[in-house]
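In what follows, a single structure is set out as structure tokens and then discussed.
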Amino acid sequence: MSVPLYQAKAEMFRTLGHPVRIRVLELLQAGPRPVRELLSEIDVEPSNLSQQLAVLRRTGVVVSFRDGGLVMYALSTPDVAELLAAGRRILGAVLADRDGLLAELNAHPPAG
1 MSVPLYQAKA
11 EMFRTLGHPV
21 RIRVLELLQA
31 GPRPVRELLS
41 EIDVEPSNLS
51 QQLAVLRRTG
61 VVVSFRDGGL
71 VMYALSTPDV
81 AELLAAGRRI
91 LGAVLADRDG
101 LLAELNAHPP
111 AG
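Structural data, given as structure tokens:
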């Protein structure tokens, strides 16, 4: 029995709801990276990074493969990078709207 599309989307967004996972995805936008490089860029314990990579792998957002003795990780599709870019644009727009609202509130103090 398959899950409804909206439920699958919600699960994907839940997967993205962790700072370490987002940082991993940001780093992988430049191309495949070995675990040791990810560890050097992200200030977490190796076991924590391993857990977060496993979550990303299980949901299909990243893929892993061996290159000689190294375990490499890569984005499963360029669409992941596009999703991160869209998130950045949305965040920028939301924050710009808040700044605009704050400026408007400050420009028009309450009467009285």
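Using the UniProt record's numbering, you'd call the opening residue of the sequence shown number 1 and step up by one each time.
By construction, the Cβ of each residue, glycine as well, lies at the ideal position given by its N, Cα and C atoms.
Remember, it's a predicted structure, so these values are computed and weren't measured experimentally.
For residue i versus residue j, is the C-beta distance shorter than 8 Å?
| i | j | result |
| --- | --- | --- |
| residue 113 | L75 | This structure cannot speak to residue 113, because the chain is shown only from 1 to 112. |
| V80 | V61 | yes |
| H18 | Q52 | yes |
| M72 | P46 | no |
Among the candidates the options, whose CA atom is the shortest distance from the CA of residue i?
| i | options | result |
| --- | --- | --- |
| R23 | V44, G69, A103 and G68 | V44 |
In terms of residue numbering, what span does the beta strand (DSSP E) encompassing residue i cover?
| i | result |
| --- | --- |
| V71 | L70 to L75 |
| D67 | V62 to D67 |
Leaving out five residues on either side along the sequence, give the residues of the same chain with a beta carbon under 6 Å from the beta carbon of residue i.
| i | result |
| --- | --- |
| V63 | A74 and S76 |
| R98 | none |
| F13 | none |
List the DSSP bridge partners of residue i.
| i | result |
| --- | --- |
| P4 | Paired residues: none, contrary to the question. |
| R33 | Y73 |
Below 8 Å CB to CB, which residues in the same chain sit around residue i once its five sequence neighbours on both sides are set aside?
| i | result |
| --- | --- |
| L49 | V20, V24, V35, L38, L39 and I42 |
| E26 | L84 |
Along the alpha helix (DSSP H) that carries residue i, what are the first and last residues, could you check?
| i | result |
| --- | --- |
| G87 | P78 to A107 |
| P20 | The residue asked about is misnamed: residue 20 is Val in this sequence, not Pro. Where V20 is concerned, the enclosing alpha helix (DSSP H) stretches over P19 to L28. |
| Y55 | Going by the sequence as given, residue 55 is Val instead of Tyr. It spans P46 to R58 - the alpha helix (DSSP H) in which V55 sits, taken as one unbroken run. |
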